[in-house]
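The working numbering applies: residue 41 is where the sequence shown begins, and numbers increase by one.
Idealized CB from N, CA, C, for every residue including glycine.
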Amino acid sequence: MSRFFSEKYKKLVPYTPGEQPRDVVYTKLNTNESPFPPSEKAIKYAAIEAEKLQLYSDPTCKFLHQKLAETFDVSADEVLATNGSDEILNFAFMAFCDKNNPAVFPNITYGFYKVFAEINGIPYEEITLKDDFTIDINDYIGIGKNIFIANPNAPTGIALSVTDIEKIVASNPDNIVVIDEAYVDFGAESCVSLIHKYENLLVTQTFSKSRSMAGARLGFGIGCKALIQDLNTIKYSTNPYNVNRMTMAAGIGVLEDDDYTKKNCNIIIENRKYLEKELERLGFVFTESKTNFVFAKHPSYDGGFLYQKLKEKGVLVRHFATDKISDYLRITVGDSNQIKTLLTSLESILED
41 MSRFFSEKYK
51 KLVPYTPGEQ
61 PRDVVYTKLN
71 TNESPFPPSE
81 KAIKYAAIEA
91 EKLQLYSDPT
101 CKFLHQKLAE
111 TFDVSADEVL
121 ATNGSDEILN
131 FAFMAFCDKN
141 NPAVFPNITY
151 GFYKVFAEIN
161 GIPYEEITLK
171 DDFTIDINDY
181 IGIGKNIFIA
191 NPNAPTGIAL
201 SVTDIEKIVA
211 SNPDNIVVID
221 EAYVDFGAES
231 CVSLIHKYEN
241 LLVTQTFSKS
251 RSMAGARLGF
261 GIGCKALIQD
271 LNTIKYSTNP
281 YNVNRMTMAA
291 GIGVLEDDDY
301 TKKNCNIIIE
311 NRKYLEKELE
321 RLGFVFTESK
331 TNFVFAKHPS
341 YDGGFLYQKL
351 KEKGVLVRHF
361 ATDKISDYLR
371 ITVGDSNQIK
381 TLLTSLESIL
391 ED
């Protein structure tokens, strides 16, 4: 770092995104991208807006918000679109957390929560998962702190029920509960229906996974009007034009083509079941995933070893060199050809 770097950030450990290699063509199963292209309607709408890039995008995201509101049966002023769901999550840390209102989240979860807390100077607590990697909701009941939970959780893939989420929200009426539903479309239940019952609930989602738009960077939050007003204060104080024209248009196209999204999700769910069955045949064990990935380990092999051997064979998966999960691989559920390549590579490694 340079000698000019602020003291307040010198100890900051940034989030480490998944590899996006350019040197070799890999079977890429490491960043939970969809194996399917975006909706044709999304591509068409984005192309139209590409001809207007000399003009700023609409800072209010009016038509996208209207379409999101229609899709989720909420009001347009209960929705906020952002540059990926990472932005809405960061906005929530900025808007609702401070030294008097610390944050809590699981010790094994999306790695950005810790980074958002640290970069914003927010005290935080990491709550240990149970031995089976599940969240004990009793750890969060009446805790009196702002709560961030990925549901389903990442990288474990395990989901809580809406009933359990509601118990957490109801028991912390004076604190914000943020439920990050990045993977909810692959078999879990959404908590959006609870936002009219609880003023302290913010639900976030993304277009990156089920909606095939990881490269477009589009996310959103849904909460009561007052919460969205708070988040808009942060948005308009940082980047009013946070969603570009093409992404906004593509998002509308995706929402208008919901049958395409649902069809792809169903294929991924079926592919996940097949992948789990084949991994079990090879001796792997794994958590109960409600996502587009499988969190698996082999009792006889180190996770880092398997990750490296797969990479040598041209297959990328995600490995976390972290206590308690270092033996696990997070494997994105790809299309049938990608899964076949992965399994063939694993069979070869295990035979050797």
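Following the continuous alpha helix (DSSP H) through residue 378, name the residue where it begins and the one where it ends. For the purposes of this step, residue 378 is taken as residue 338 along the sequence shown, with counting starting at 1. That run of the alpha helix (DSSP H) goes 376 to 391.
Quick check on the DSSP output: what are the complete beta strand (DSSP E) runs of length 3 or more inside the region 310 to 384, in order along the chain? 333 to 337, 368 to 372
Residue 277, buried or exposed, once every other Cβ within 10 Å from all chains shown has been counted against 16: Taking the first residue of the sequence shown as position 1, residue 277 is located at position 237. It counts as exposed.
Just to confirm before moving on: does the CB-CB distance between residue 286 and residue 89 stay below 7 Å? In the sequence shown, residue 286 corresponds to position 246, counting from 1. In the sequence shown, residue 89 corresponds to position 49, counting from 1. Yes, the pair counts as a contact, with Cβ atoms nearer than the cut-off.
What residues in its chain sit with their C-beta under 7 Å from that of residue 338, if we drop five residues either side in the sequence? If you number the sequence shown from 1, residue 338 lands on position 298. These residues qualify, in order along the chain: 323, 324, 346.
If we call anything under 7 Å between Cβ atoms a contact, is residue 226 one with residue 381? Residue mapping note: residue 226 aligns to position 186 of the sequence shown, counting from 1. Residue mapping note: residue 381 aligns to position 341 of the sequence shown, counting from 1. No.
Backbone CA spacing between residue 52 and residue 130 [nearest angstrom]: Stepping through the sequence shown from its first residue, residue 52 is reached at position 12. Stepping through the sequence shown from its first residue, residue 130 is reached at position 90. Residue 52 and residue 130: Cα-Cα distance of roughly 15 Å.
From this set, 173, 140, 124, which residue's C-alpha is nearest residue 152's C-alpha? Taking the first residue of the sequence shown as 1, we reach residue 152 at position 112. Nearest of 173, 140, 124 to residue 152, Cα basis: 124.
Backbone secondary structure at residue 269 - three-state DSSP: The residue labelled residue 269 in the question sits at position 229 within the sequence shown. It is helical.
Can you give me the Cβ contacts of residue 257 inside the same chain, cut-off strictly under 7 Å, excluding the 5 residues immediately before and after it? Taking the sequence shown and counting its residues from 1, the one referred to as residue 257 is at position 217. Once the five neighbours on either side are set aside, the close Cβ partners of residue 257 are 123, 124, 287.
Thinking just about the alpha-carbon of each residue, which of 108, 159, 59, 62 is nearest to the one in residue 46? As a first step, residue 46 must be located in the sequence shown, where it is residue number 6. Per the Cα distances, 159.
For residue 360, count neighbouring Cβ atoms within 10 angstroms of its own Cβ and tell me buried if that reaches 16, exposed if not. Counting from 1 along the sequence shown, the entry for residue 360 is found at position 320. Buried, because 16 or more other Cβ atoms sit within 10 Å of the Cβ of residue 360.
Does DSSP put residue 154 in a helix, in a strand, or in coil? One-based indexing of the sequence shown puts residue 154 at position 114. Reduced to three states, the DSSP call for residue 154 is helix.
Taking the alpha-carbon positions, what's the residue 166 to residue 217 distance? Locating residue 166 in the sequence shown gives position 126, counting from the first residue. Locating residue 217 in the sequence shown gives position 177, counting from the first residue. Cα to Cα, the separation comes out at about 15 Å.
Between the alpha carbons of residue 245 and residue 170, how many angstroms are there, rounded? Residue mapping note: residue 245 aligns to position 205 of the sequence shown, counting from 1. Residue mapping note: residue 170 aligns to position 130 of the sequence shown, counting from 1. Computed Cα separation, rounded: 25 Å.
Going by Cα to Cα distance, which pick from 93, 385, 290, 83 is closest to residue 108? The count along the sequence shown starts at 1 and reaches residue 108 at position 68. Cα-wise, what sits closest to residue 108 is 290.
Over what stretch of residues does the beta strand (DSSP E) that includes residue 187 continue unbroken? Walking along the sequence shown from the start, residue 187 turns up at place 147. Per DSSP, residue 187 belongs to the beta strand (DSSP E) from 186 to 190.
Using the C-alpha atoms, what's the distance from residue 100 back to residue 116? What you label residue 116 is simply residue 76 of the sequence shown in a count that begins at 1. What you label residue 100 is simply residue 60 of the sequence shown in a count that begins at 1. Looking at the two C-alpha atoms, the distance is approximately 10 Å.
Based on Cα-Cα distance, which residue from 60, 178, 110, 193 lies nearest to residue 329? Against the sequence shown, residue 329 aligns to sequence position 289. The shortest Cα separation from residue 329 among 60, 178, 110, 193 belongs to 193.
I'd like the list of long-range same chain contacts for residue 358, defined as Cβ closer than 6 Å, with 5 residues on each side in sequence excluded. Position 318 of the sequence shown, counted from the first residue, corresponds to residue 358. 58, 70, 370, listed in sequence order.
From residue 182 to residue 195, what distance separates their C-alpha atoms? Residue 182 sits at position 142 when you count from the first residue of the sequence shown. Residue 195 sits at position 155 when you count from the first residue of the sequence shown. C-alpha separation (whole angstroms): 26 Å.
Status (buried if at least 16 other CB within 10 Å, exposed otherwise) for residue 377: Along the sequence shown, one-based indexing puts residue 377 at 337. So residue 377 counts as exposed.
Please report the distance separating the alpha-carbon of residue 164 from that of residue 185. Along the sequence shown, one-based indexing puts residue 164 at 124. Along the sequence shown, one-based indexing puts residue 185 at 145. Their Cα atoms are separated by approximately 9 Å.
On the premise that residue 188 lies in contact with residue 327, defined as a C-beta separation below 8 Å, what is that separation, rounded to the nearest angstrom? Here residue 327 refers to the residue found at position 287 when the sequence shown is read from its first residue. Here residue 188 refers to the residue found at position 148 when the sequence shown is read from its first residue. That belief does not hold up - the Cβ atoms of residue 327 and residue 188 are roughly 20 Å apart, past 8 Å.
So what does DSSP say about residue 256, is it helix, strand or coil? Reading the sequence shown from its first residue, position 216 is the one you call residue 256. In this structure, residue 256 counts as coil in the three-state DSSP scheme.
Pull up the DSSP beta-bridge partners for residue 146, would you. Here residue 146 refers to the residue found at position 106 when the sequence shown is read from its first residue. Looking at the DSSP assignment, residue 146 forms a beta bridge with 167.
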